[in-house]
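Working notes for the structure below.
Residue numbers (our numbering): 21 to 158.
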């Protein structure tokens, strides 16, 4: 099965989703949207799986995520991220690539947090397209 994907990590246009007066500090409020479409030559309409979740991840966990952490089998950072995303049926390589993008953007956001917000918002959008000759998701 041929697969292509896009990952987009960005700050929302406006910080209006969550108030800054809750007890959590130094966290990212993550809005995670995942779509996987399986296209088959036997059907004009692709099979679609969607996940829309929101959750908090501490700055120190997400900012530590980079290519080296992904390769470290004893990484506490990766163990925490895997646990957070464990309920999602997403390919591990794709998930790791997404983590690296999120970590890179998290470092940028914390370094440029000129308003000194204790909670930063991040939108993560992952689109996957798979092309199957059998019509089954592999």
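We put the beta carbon where it would ideally sit given N, CA and C, even for glycine. All figures in this text were calculated on a predicted structure; none of them were measured in a lab.
Restricting to Cα atoms, I'd like to know which of the options is closest to residue i.
i, options, result
"residue 99", "46, 119, 66, 69", "119"
"residue 68", "116, 140, 28, 58", "58"
"residue 32", "134, 148, 129, 138", "129"
"residue 82", "102, 56, 113, 137", "102"
"residue 90", "117, 125, 153, 60", "117"
"residue 114", "136, 145, 135, 140", "145"
Could you please give the first and the last residue of the uninterrupted alpha helix (DSSP H) stretch that includes residue i?
i, result
"residue 80", "79-83"
Within this structure, are the beta carbons of residue i and residue j separated by less than 7 Å?
i, j, result
"residue 77", "residue 50", "yes"
"residue 29", "residue 108", "no"
"residue 160", "residue 54", "Residue numbering for the chain in the displayed model covers 21 to 158; residue 160 lies beyond these limits and cannot be assessed."
"residue 138", "residue 46", "yes"
"residue 149", "residue 60", "no"
What is the DSSP secondary structure of residue i, counted as helix, strand or coil?
i, result
"residue 160", "What is shown of the chain runs 21 to 158, which leaves residue 160 out entirely."
Tell me which residue opens and which closes the beta strand (DSSP E) that residue i is part of.
i, result
"residue 24", "22-30"
Hey, which unbroken runs of the alpha helix (DSSP H) at 4 residues or more fall wholly within the stretch 63-149? 79-83, 87-91, 96-104, 112-131
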